[in-house]
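Numbering follows numbering that gives the first Met the number 0, with no gaps: position 5 of the sequence shown is 4.
Ideal Cβ positions, reconstructed from N, Cα and C, are used throughout, including at glycine.
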Amino acid sequence: MGMGTSTFVIRWVNLLTMLLAVAVIIFGVWMSTHNDGCRRSLTFPVIALGGFIFLISIIGFLGACKKSVALLWIYLVVLLIVLIAILVFTVLAFIVTNNGSGHSNPGLRYKEYKLNDYSSWFLKQLNNTNNWKRLKSCLVKSEQCRKLSKKYKTIKQLKSAELTPIEAGCCRPPSECGYPSVNASYYDLTFHSISSNKDCKLYKNLRTIKCYNCDSCKAGVAQYMKTEWRLVAIFNVVLFVVLSMVYFVGCCARRNASSYRSKA
């Protein structure tokens with residue numbers, strides 16, 4: 000790739016990523032002012048990521064404009080570190096999310112989830128008292144369970160609904176408990192369950208308790224996290240391919256800049 004072509008591509012690619020970084024930073028600031036404490040914890044990583052992308056883009060843009068070998072070297076080294084980090088995270092994400100799936104029950108359209116089906120990493124994170132206390136607080140604040148009775152007016156509608164993993168695991172007792180449904184968010188706990196599942200005793204109809212202390216709820220969160228991680232991993236694969244192409248062009252620009260300096 001010629002000198003002019005490589006530096007032109009690097010300049011425009013990094014100009015676009017600078018604009019993207021600014022958008023990411025603005026989004027992070029917006030999150031910090033419009034979301035509750037549960038989601039606000041995500042704002043710092045978002046803003047930090049935007050700032051990091053902006054810094055790399057500035058280095059690459061200036062290196063291409065000034066044909067600076069030093070700046071292009073810094074740009075390539077940092078970009079290589081980013082590529083390695085993306086590759087490692089993506090591989091780990093696919094390994095961590097390899098286990099776990101829902102279980103079908105007769106008469107129910109939605110699936111139920113068991114915590115022990117998931118990877119040891121998920122088990123460690125969700126069984127950590129401090130982690131679960133924070134997550135449970137967020138689940139209670141979201142009031143997903145309270146909204147079920149508004150979404151599904153009859154028991155038949157509830158059974159034929161495609162509940163999310165969190166709704167299925169946190170808002171109701173496991174089916175094996177056998178508690179009769181009064182409505183979508185209330186169960187007759189006077190029924191004597193013969194199930195040995197400890198979640199049956201943990202479930203309460205109270206809005207702040209429900210099944211938030213149940214393993215089935217942790218399993219629902221694990222399934223939700225698994226889905227999110229898989230999406231991030233797939234996005235990372237695409238990002239890795241794009242950045243690899245940018246890295247190749249950057250190498251051409253650095254090599255051409257070195258030739259340009261040696262001839263000057």
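Within the region 127–193, ranges of the alpha helix (DSSP H) (whole runs, at least 4 residues): 128–141, 143–150, 154–158, 164–169
Reference residue 127, options 212, 243, 171, closest by Cα: 212
Segment contact, 8 Å Cβ cut-off, at least three pairs: the region 144–160 with the region 171–183: yes
Residue 196 and residue 85 closer than 8 Å at C-beta: no
Close Cβ partners of residue 12 (< 8 Å) along its chain, the five nearest in sequence each way excluded: 59, 245, 248
Rounded separation between residue 251 and residue 88 - CA only: 27 Å
Minimum length 4: unbroken alpha helix (DSSP H) runs contained in the region 191–251: 198–201
Nearest to residue 28 (by Cα), restricted to the options 69, 83, 43, 94: 43
Distance between residue 208 and residue 193 (C-alpha atoms, nearest Å): 22 Å
Every unbroken alpha helix (DSSP H) within the region 62–103, with a cutoff of 4 residues, ordered by chain: 68–95
Local Cβ density within 10 Å of residue 114, reported as buried at 16 or more and exposed below that: buried
Proximity below 8 Å, CB of residue 176 to CB of residue 138: no
Burial state of residue 225, where buried means 16 or more other Cβ atoms lie within 10 Å: buried
Whether residue 231 touches residue 47 by CB criterion (8 Å): no
Residue 9 vs residue 69 beta-carbon contact at 8 Å: no
Alpha carbon of residue 98 to alpha carbon of residue 228, nearest angstrom: 13 Å
Separation of residue 54 from residue 21, as counted between CA atoms: 11 Å
Contact under 8 Å by Cβ, residue 141 with residue 173: no
Option nearest residue 161 by Cα separation, candidates 81, 78, 186, 104: 104
Buried versus exposed call for residue 233 [16 or more other C-beta atoms within 10 Å across all chains shown]: exposed
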